[in-house]
Amino acid sequence: LAESPVKAGLLWAGTDAGKLWITENDGQHWTDLSAGLPAPVKGQWIMRVEAGNQEASVAYLAVDGHRSGNFSPLAFRTADGGKTWHSIAGNLPAEGPVKVLREDPKNPKLLYAGTEFGLFVSVDRGASWVKFGDLPTVAVDDIAVHPREGDLIIATHGRSLFVVDDI
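Start counting at 1 in the sequence shown, then tack on 327, and there's your number in the working numbering.
Okay, structure coming up:
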């Protein structure tokens, strides 16, 4: 579940069965967006939905297909409220499922991808990615940018938390 920081009442909801919904009125009416999802997403686990920080019509999906034998990175972006989606997996490692995507709170071109094998950063909205710093090769389960301090907080599976000051 992701709440838009831009538009009050706008919520996105994804499931472990590959379903996606949106509401623009605090949940009074939900629209099922599942039929319009890209083929690789259908029936897969939507690990995370990330609402855009600058535009209400933008959202990101981190999708995990490992239960069906698909270990490729599945990362998608919409700019039209979920009507169309395009892959932003770019050059992420071919066998590295994406667990979380985050858009930087101040710069919408800056994206963070937590994968099964580390943290990756894009400065061009997902067209290309680079491995971030000297973190160990470990699953990154969650990412946050502290709203006041600007610190990048990285939660890993089995290797604790990492904090990068003033990202």
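All residues carry an ideal CB built from backbone N, CA and C; glycine is no exception.
Original post:
Which residue from T411, G370, V427 puts its Cα closest to that of A329?
Top reply: V427
Subject >> Nearest residue (CA-CA) to T411, options V385, D391, G392 >> reply: V385
Original post:
For D391, does the count of other Cβ atoms within 10 angstroms reach 16, so buried, or fall short, so exposed?
Top reply: buried
Original post:
What residue does the beta strand (DSSP E) around T383 start on, and which one ends it?
Top reply: At residue 383 the sequence reads Ala, which differs from the Thr that was named. That residue, A383, is in no beta strand (DSSP E); it is neither H nor E in DSSP.
Original post:
Around the C-beta of T358, are 16 or more other C-beta atoms found within 10 angstroms, so that it is buried, or is it exposed?
Top reply: exposed
Original post:
What's the gap between the Cα of A454 and the Cα of D353?
Top reply: 33 Å
Original post:
So, using beta-carbon positions, are H413 and P367 closer together than 9 Å?
Top reply: no
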